[in-house]
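Undergrad: Sequence order for the protein chains is R and X.
Position one of the first sequence corresponds to residue 3 (my numbering), numbered consecutively onward.
Position one of the second sequence corresponds to residue 3 (my numbering), numbered consecutively onward.
Glycine included, each C-beta is placed from N, C-alpha and C at the ideal position.
Since we're looking at a predicted model, the values are computed, not measured.
Number of protein chains: 2
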Amino acid sequence: MLSERQRMILTAIVDDYIRSAEPVGSRSISKRGDVAYSPATIRNEMADLEELGLLEQPHTSAGRIPSNKGYRYYVDHLIRLGGIGEQDMLKIRSFFAEKMNMWEEVVGHAATILSQLTNYTSIVLGPEMFNTTLKHFQLVPINETSAVAIIVTSTGHVEHRTVAIPEGIGMDDIQKIVNLLNAKLANVPFIKVKSVLHSEVGKELSRFVDRCEHILQVLETALAENQEPKIFLSGATNIMTQPEFKDVDKVKNILDTLEETSKLMQLFQALPEGIQVRIGTENSVEAINQCSLITATYSYEGQSLGTIGILGPTRMDYGKVISLLDFMSKDLALFMARWYK
Amino acid sequence: MLSERQRMILTAIVDDYIRSAEPVGSRSISKRGDVAYSPATIRNEMADLEELGLLEQPHTSAGRIPSNKGYRYYVDHLIRLGGIGEQDMLKIRSFFAEKMNMWEEVVGHAATILSQLTNYTSIVLGPEMFNTTLKHFQLVPINETSAVAIIVTSTGHVEHRTVAIPEGIGMDDIQKIVNLLNAKLANVPFIKVKSVLHSEVGKELSRFVDRCEHILQVLETALAENQEPKIFLSGATNIMTQPEFKDVDKVKNILDTLEETSKLMQLFQALPEGIQVRIGTENSVEAINQCSLITATYSYEGQSLGTIGILGPTRMDYGKVISLLDFMSKDLALFMARWYK
DNA sequence: CGTTAGCACTCAGCTAGATCGAGTGCTAAT
DNA sequence: ATTAGCACTCGATCTAGCTGAGTGCTAACG
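(1) Which residues does DSSP pair with Gln-140(X) in a beta bridge?
(2) Could you tell me which uninterrupted alpha helix (DSSP H) segments, each at least 4 residues in length, are contained entirely in the stretch 21-85 of chain X, listed from first to last along the chain?
(3) Which of the three DSSP states is assigned to Thr-297(R) in this structure?
(4) Indicate whether at least one CB of chain X lies closer than 8 Å to the CB of Arg-163(R).
(5) Quick one: which chain R residues come within Cβ less than 7 Å of Asp-352(X)?
(6) For my contact list, Gln-271(X) and Ile-296(X) are in at a C-beta cut-off of 8 Å; report their separation, rounded to the angstrom.
(7) Leaving out the 5 sequence neighbours to the left and right, which residues in its chain are closer than 6 Å to Asp-258(R) when beta-carbon positions are compared?
(8) I need the straight-line Cα distance from Leu-4(R) to Asp-333(R), nearest angstrom please.
(9) Within 10 Å of its beta-carbon, does Ser-201(X) have 16 or more other beta-carbons around it, so buried, or fewer, so exposed?
(10) Name the residue from Leu-116(X), Leu-136(X), Asp-36(X) whose alpha carbon lies nearest to the alpha carbon of Arg-7(X).
(11) Examine chain R for any beta-carbon lying closer than 8 Å to the beta-carbon of Asn-181(X), and answer yes or no.
(12) Alpha carbon to alpha carbon, how far is Asp-17(X) from Glu-230(X)?
(13) In chain order, what residues of the stretch 148-177 of chain R put their CB closer than 8 Å to some CB of chain X?
(14) Do you know how far the Cα of Pro-25(R) is from the Cα of Arg-66(R)?
(15) One question on the structure: do Leu-141(X) and Val-180(X) come within less than 8 Å of each other, judged by their Cβ atoms?
(16) Helix, strand or coil: how does DSSP classify Pro-274(R) here?
(17) Going along the chain, which residues of its own chain have a beta-carbon closer than 6 Å to the beta-carbon of Pro-129(R), five neighbours each way excluded?
(18) Name the chain R residues whose beta carbon is nearer than 7 Å to that of Val-279(X)?
(19) Does any CB atom of chain R fall closer than 8 Å to the CB of Lys-254(X)?
(20) Write down the C-beta distance between Leu-353(R) and Phe-139(R) rounded to the nearest angstrom, noting that I regard them as a contact closer than 8 Å.
(21) Counting only C-beta atoms, is Lys-186(X) closer than 8 Å to chain R at any point?
(22) Measure the alpha-carbon distance for Val-150(X) versus Thr-155(R) and round it to whole angstroms.
(23) Within the same chain, show all residues whose beta-carbon is closer than 8 Å to that of Leu-218(R), passing over the 5 residues directly before and after it, in chain order.
(24) Using alpha carbons as the reference points, say which of Leu-119(R), Glu-246(R), Ser-286(R), Trp-105(R) lies closest to Gln-89(R).
(25) Shorter than 8 Å from the beta carbon of His-138(R) to some beta carbon of chain X?
(26) Applying the 10 Å Cβ sphere with the 16-neighbour rule, what's the burial state of Glu-47(R)?
(27) Are the C-beta of Glu-284(R) and some C-beta of chain X separated by less than 8 Å?
(28) Should Val-250(R) be listed as close to the ligand COA, given that the test is whether its C-beta is under 7 Å from any heavy atom?
(29) Alpha carbons only, please: which of Gly-311(R), Gly-321(R), Thr-316(R), Asp-319(R) is nearest the one belonging to Gly-110(R)?
(30) Taking the C-alpha atoms as reference points, what is the distance between Asp-328(X) and Tyr-19(X)?
(31) What residue ranges within the stretch 286-337 of chain X form continuous beta strand (DSSP E) runs of no fewer than 3 residues, ordered along the chain?
(32) Does any C-beta atom of chain R lie closer than 8 Å to the C-beta of Glu-261(X)?
(33) Can you tell me which of the three DSSP states Ile-233(X) falls into?
(34) Going along the chain, which residues of its own chain have a beta-carbon closer than 6 Å to the beta-carbon of Val-220(R), five neighbours each way excluded?
(35) Exposed or buried, which one is Ser-325(R) when buried takes at least 16 other CB atoms within 10 Å?
(36) Between the Cα of Val-160(X) and the Cα atoms of Asn-103(X), Arg-74(X), Gly-304(X), which residue gives the shortest distance?
Shown next, in the form of structure tokens:
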């Protein structure tokens, strides 16, 4: 357990280091005013904090910087959430007041705003189709051999893909199929679509169309879970403004990771509800072990829809980002609620 | 007009510099074998070439590097197109043999391959809807106040957006509208959709639905030209592997530009058919004045569909990239032709 | 006359040494 | 328990000197 004085000193060091990116010395803390002890006393405490693993020294005769454990303690026990500024709040509010035609726009633009307000990189996962139901199915023939299959979900999400039309299927057959599918599949949750397709639709289909196994297979691919949420990235290059990322190779590593969808998904998988802070090596992807990721989920009627996140250096402004993500996730949830009605 | 010897020397310098990224000296050229003159002779020629503005010297006592004008001369007169390697050809061919469900996949993946094969950044503009016709229109109500409008083009392109349902419009009205629109708009080129909407559909619509001006307006936004071609980027970070881009600020400038759609469009606007090479300051966007952009259009039945491009340092391997883009654009055109049938 | 050998000169890049100063740890005084 | 004082450490910065790749010029050569 840390003493009050140790907590004050740790707070001061983390705050200073977040601002300046330079190792913090005992003298500068003493001069700040809020820790009214001489540099010598502070030095002693700093030595203790280092022994506890909360601080580290880049080299003898340099000041101290927080270790990952130090940041963790800071985030868990010392952080003061300042709330977000008038300006920022206004910007978010007026953004959500705008009229937008596609949820892709909303989510994409939300990512942009987050990166602008923080000067870090923002990563936003679009709403998952998880637990939504199928609203409408359509097959539009493009030419003799292929058609576009379109799926609309209850949330207004649209997915489409081109499918081959099996030989021997006429235009009238297609209409029959579409009608049947809409009758059988409307309002069926996506998780169940596959089984309903086999159990109910299969038999029915065989009555008036030949070669129905082939069709079923095509439909299945068309309806196959494209459940992967879409990823929106913004401000990826912001990391380069950080003094600790002046090295091109380090940066390349990180940006490469961000370009790779699978790595990103790995980062975001199985995140618990609410706000999460992953500091440095707490992240499951090695390339960003010098970064911290703060995430917040947004939900609708208790059901988590997606995640918004900020990626910055471990020396990031945790207080500001947490406040901002909290605010943003709630407003985004409100917006989605309005959207889904 | 350059003498044969000057051309040989310029070629040697450009080739060497492209490989090594180091200023090329007279001695190293002399030793290469293909220019059988002594360093002193070569030095004299180099001085002449510099006077002509084709070479420059980073500082006295360094070797020469090609100027933009030098690269231009090289590309216009000296370049040897080696054709592309067995390996690369195989990779592209097998890629196009794959089955893909959406053109977004095709084009996106093409971008990935280009960046992998070149180690530069690839930029691909998806097929423009220009000159395609409307194939199918659908309105799917999501709840009482909003619906998803879906447009399918003759090329299998799907666009969608959420629209508000004006008050007082019932489900049956919607069906009527959809039927009417499909009857009137099917196979109408997109450029004409707007006018047809006003002239033919407007009157017809007013017969059985009230408040039709409002609906028309909604439809117009729904059908409004979303003609902006989609941009696919890949390997944006590859620029960082180039020794002349070891500086984070330079890189940030370029990557920021790549994140900005408008800037990218500016780069690609009004590109003539076929292969184009834009060297350094020939590019209209200032941030990439130290880069070269090579582009190739791909077309279907004489109609240009889109553009594929490679962005690299001015010191890029023009011969290889030109060959590759040529090959890729032709295969992409073939693929699209098959796709459109 | 074109070509080449020779030579003095230039200059970025590297290395070694000197200096500086922010910051520490320890000890002794308060 | 706190603090003043002091010796010590070590990265950062600066300078001077050296090195070597490369040049331009001149004179000799075939």
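TA: For this structure:
(1) The residue labelled residue 140(X) in the question sits at position 138 within the second sequence. Answer by DSSP bridge pairing, in chain order: Ile-152(X).
(2) 28-34, 41-53, 70-75
(3) Here residue 297(R) refers to the residue found at position 295 of the first sequence. The answer is strand: DSSP assigns Thr-297(R) an E or B state.
(4) Here residue 163(R) corresponds to residue number 161 of the first sequence, with the count starting at 1. So yes, Arg-163(R) belongs to the interface.
(5) An answer regarding residue 352(X) cannot be provided, because it is not within the stretch 3 to 343 covered by chain X.
(6) Start at 1 with the first residue of the second sequence, and residue 271(X) comes out as number 269. Start at 1 with the first residue of the second sequence, and residue 296(X) comes out as number 294. Actually they are not in contact, since the Cβ atoms of Gln-271(X) and Ile-296(X) sit about 16 Å apart, beyond 8 Å.
(7) On the first sequence, position 256 is the one that residue 258(R) refers to. Around Asp-258(R): no qualifying Cβ.
(8) For the purposes of this step, residue 4(R) is taken as residue 2 along the first sequence, with counting starting at 1. For the purposes of this step, residue 333(R) is taken as residue 331 along the first sequence, with counting starting at 1. Spanning the two alpha carbons is a distance of roughly 37 Å.
(9) The residue you call residue 201(X) lines up with position 199 of the second sequence. Exposed is the call here.
(10) Along the second sequence, read from residue 1 onward, the residue named residue 7(X) stands at position 5. Cα-wise, what sits closest to Arg-7(X) is Asp-36(X).
(11) Working through the second sequence from its first residue, we reach residue 181(X) at position 179. No, Asn-181(X) lies away from the interface with chain R (no Cβ there is under 8 Å from its Cβ).
(12) For the purposes of this step, residue 17(X) is identified with residue 15 of the second sequence, where counting begins at 1. For the purposes of this step, residue 230(X) is identified with residue 228 of the second sequence, where counting begins at 1. Looking at the two C-alpha atoms, the distance is approximately 38 Å.
(13) Ser-148, Val-150, Ile-152, Val-154, Ser-156, Thr-157, Gly-158, Val-160, His-162, Arg-163, Thr-164, Val-165
(14) Walking along the first sequence from the start, residue 66(R) turns up at place 64. Walking along the first sequence from the start, residue 25(R) turns up at place 23. Their backbone Cα atoms lie some 5 Å apart in a straight line.
(15) As a working mapping, residue 141(X) is identified with position 139 in the second sequence. As a working mapping, residue 180(X) is identified with position 178 in the second sequence. Against a cut-off of 8 Å, the Cβ pair of Val-180(X) and Leu-141(X) comes out as a contact.
(16) Indexing the first sequence from 1 puts residue 274(R) at position 272. Looking at Pro-274(R) - three-state DSSP - the assignment turns out to be coil, as it is neither helix nor strand.
(17) What you label residue 129(R) is simply residue 127 of the first sequence in a count that begins at 1. So the qualifying residues of the chain are Leu-307, Gly-308.
(18) By one-based count along the second sequence, residue 279(X) stands at place 277. Near Val-279(X) there are no residues of chain R at all, since even the closest Cβ is about 26 Å away, more than 7 Å.
(19) Looking up residue 254(X) in the second sequence gives position 252. Cβ-Cβ to chain R under 8 Å: yes for Lys-254(X).
(20) What the structure shows of chain R is the stretch from 3 to 343, and residue 353(R) is not part of that stretch, so it cannot be assessed.
(21) Along the second sequence, read from residue 1 onward, the residue named residue 186(X) stands at position 184. It does not; no Cβ of chain R falls within 8 Å.
(22) The residue labelled residue 150(X) in the question sits at position 148 within the second sequence. The residue labelled residue 155(R) in the question sits at position 153 within the first sequence. Going from the Cα of Val-150(X) to the Cα of Thr-155(R) covers about 10 Å.
(23) Within the first sequence, numbered from 1, the residue matching residue 218(R) stands at position 216. Hits under 8 Å: Leu-199, His-200, Val-203, Gly-204, Leu-207.
(24) Here residue 89(R) is taken as the residue at index 87 of the first sequence, counted from 1. Among Leu-119(R), Glu-246(R), Ser-286(R), Trp-105(R), the Cα nearest to that of Gln-89(R) belongs to Leu-119(R).
(25) Against the first sequence, residue 138(R) aligns to sequence position 136. Closer than 8 Å to some Cβ of chain X, the Cβ of His-138(R) qualifies, so yes.
(26) Here residue 47(R) refers to the residue found at position 45 when the first sequence is read from its first residue. With 16 or more Cβ atoms within 10 Å of its Cβ, Glu-47(R) is classed as buried.
(27) Residue 284(R) sits at position 282 when you count from the first residue of the first sequence. No - not a single Cβ of chain X is within 8 Å of the one on Glu-284(R).
(28) This structure lacks the ligand COA, and indeed carries no ligand of any kind.
(29) Looking up residue 110(R) in the first sequence gives position 108. Of Gly-311(R), Gly-321(R), Thr-316(R), Asp-319(R), the residue nearest in Cα terms is Gly-311(R).
(30) Start at 1 with the first residue of the second sequence, and residue 328(X) comes out as number 326. Start at 1 with the first residue of the second sequence, and residue 19(X) comes out as number 17. Roughly 24 Å separates the two Cα atoms.
(31) 293-302, 305-315
(32) Residue numbering aside, residue 261(X) sits at position 259 when the second sequence is read from its first letter. Cβ-Cβ to chain R under 8 Å: yes for Glu-261(X).
(33) Locating residue 233(X) in the second sequence gives position 231, counting from the first residue. It is a strand residue.
(34) Within the first sequence, numbered from 1, the residue matching residue 220(R) stands at position 218. Contacts found: Val-165.
(35) For this step, residue 325(R) is matched to residue 323 along the first sequence. Buried, because 16 or more other Cβ atoms sit within 10 Å of the Cβ of Ser-325(R).
(36) For this step, residue 160(X) is matched to residue 158 along the second sequence. For Val-160(X), the nearest C-alpha among the options comes from Asn-103(X).
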